[in-house]
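All remarks here apply to the structure that follows.
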Amino acid sequence: MTTDPNYPWQTVFDKLKTWARVNSPWAIHFNSGSCNGCDIEILATLTPRYDIERFGVKLQGSPRHADVLICTGPVTRQARERLLRTYEQMPEPKFVVAVGSCAISGGVFQGCYNVVGHIDEVLPVNAYIPGCPPRPEAIIDGVVKLLESIKGK
Amino acid sequence: MTFTDFSPLLTILFFPGGLFLMGVGLLYEWLDHKLVARLQNRIGPRWFQPFADVVKLLAKEEIVPAIVNPYLFVGLPLVGLAGALTAALYVPLMGLPPAFNFPGDLIVTLYLLSLLTLSLGLAGWNTSSRFSLIGATRALTQLFAYEAPFLLALLGPALVARSWQVSEIVSRNAGQWLIVTQPIGFVVALIGLMGKLELPPFDAPEAETEIVAGALTEYSGRGLALFHLGKAVELVVGLTLVAALYLGGIGNPLEFALKTLGLLIIMAGFQSVLTRLRIDQTVGLWWRYGALLVLLQWVIWIVWKGLSL
Ligand code: SF4
């Protein structure tokens, strides 16, 4: 999102683009070895109770449609390639959110023979949401913080 | 007709052809989502949500998969959107007379509206991912299922008016609520429209729980945005067509808004109370009940006409 001062309309376009990105984050959810606790909380976040469609968040099935990759759990050796492939299939600009202690540090799975490590060792992560598992409110807060950071760019 | 003399280019680019129609389409899409959300006891999206979605998609990278035919991949969304936009020129949008008309334009309008589904099917076939292939097969199967009953249902009013021209049908049937005399046709037309737009319960072609996103699985960025816009435009054009033919014509913008919104509320109701039909159930519904009931109504109408002469 570079702004070239030579083109005044460029600033307007960039503002419009950023506005659209902030207001329509479509998400895809990938579990690379979590105990499922975090995934259940993510699903709870998507229920009508929290209704995150009001922020424009939509869960997409295809990585081609998604802007935000929501990762849970540590990365196991087996899931590493799938995680990378999912990430590479997403069109630019894309963001990664790591949900849960395991995604941030490996958590209780740290040092296991089949675990590569935390998400950060495989993908560039934009936002971390701690908790084991984090509450839906915490996940929403994390996504909002991510959007705030996009706004600043 | 007056503003076509003014400038055809303006008609096609801004009003009622291009930008304006897309704007209204996205607004209607928001209304649809909002109504469904309210019926599910949610708050629902903000009014600019579809606009933000489309702008964001347009600003995103477009990935062209390695094995596709790139010309088809890039061209098909354009064809679909162009078909939907062209169809809008023949319907009385906003209560204004159609921008263009000629005898038989009802049929042309209906075929232009099918162009979107056709290019969707071709796009799914072209990307040759297994999900999009299944989605494309389902989209085309569904096209064959609802197209004939939908056509028959919209020809009911044409029979009454003895004309195949949208503007003439509307002016001859003005003030005559055909929904009263041809209720079956109305229901089939409205449900056919839902099938055309792949709204629940007819969303098997894009069933996200089974086949990711159907035919559009491999589309990202621009292509996805254009298909999205095409759907939105088709929603408005379809609603206008059904309202104009069955709800006593459209005289002014207020009437347009009220009648199409009424239809939209009914559709939102259907969407939130019904669950997705399997593709064979969809086909069965249309051919076993839809088509036969409309034909029955035709027979009744023709016999009644013959007796009253
Ligand atoms: S953070 Fe807790 S809930 Fe989440 S995957 Fe790890 S152990 Fe499970």
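Chains A and B supply the protein sequences, listed in that same order.
Just so we're aligned: 63 in our numbering is position 63 of the first sequence, and the numbers increase by one with no gaps anywhere.
Just remember that our numbering sits 153 ahead of the position in the second sequence, which is counted from 1.
A virtual CB, placed ideally from N, CA and C, is assigned to each residue, including glycine.
In this structure, A:Pro74 and A:His118 form a Cβ contact; the two beta carbons are roughly 6 angstroms apart against a cut-off of 8 angstroms. Membership of B:Phe380 in the alpha helix (DSSP H) is indicated by the continuous run 375 to 399. Comparing alpha carbon positions, the residue from A:Cys132, A:Pro124, A:Ala138 closest to A:Cys102 is A:Cys132. The ligand SF4 has no heavy atom closer than 7 angstroms to the beta-carbon of A:Cys112. In the structure shown, B:Lys213 adopts coil according to DSSP, grouped into three states. In the three-state DSSP reduction, A:Phe55 falls in the helix class (H, G or I).
Put simply, the backbone Cα of B:Leu296 is about 27 angstroms away from that of B:Ala314. Going by DSSP, B:Gly415 is part of the alpha helix (DSSP H) stretching over 406 to 426. For A:Thr72, the uninterrupted beta strand (DSSP E) segment begins and ends at 68 to 72. Here B:Pro358 is not near B:Arg429, since their CB atoms are 8 angstroms or more apart.
With a 10 Å radius around the Cβ and a threshold of 16 neighbouring Cβ atoms, B:Arg441 comes out exposed. Counting along the chain, A:Phe109 sits inside no alpha helix (DSSP H), nor does DSSP assign it H or E at all. The stretch 219 to 235 of chain B and the stretch 19 to 36 of chain A do not touch, with fewer than three beta-carbon pairs separated by less than 8 angstroms. For A:Ala98, the enclosing beta strand (DSSP E) covers residues 95 to 99. When distances are taken from the beta-carbon of A:Val108 to the heavy atoms of the ligand SF4, the shortest one is below 7 angstroms.
Secondary structure note for B:Gly178: it is in no beta strand (DSSP E), and the uninterrupted alpha helix (DSSP H) holding it is 172 to 192. For the pair A:Ala98 and A:Tyr128, the CB atoms are nearer than the 8 angstroms cut-off. Listed along chain A are Pro91, each with a C-beta nearer than 8 angstroms to that of B:Gly374.
According to DSSP, residue pairing for A:Thr18 in a beta bridge does not occur.
Taking a 10 Å sphere around the C-beta of A:Arg21, we find 16 or more other C-beta atoms and assign the residue as buried. At a beta-carbon threshold of 8 angstroms, the residues of chain B lying near A:Arg21 are Lys209, Ala212, ordered along the chain.
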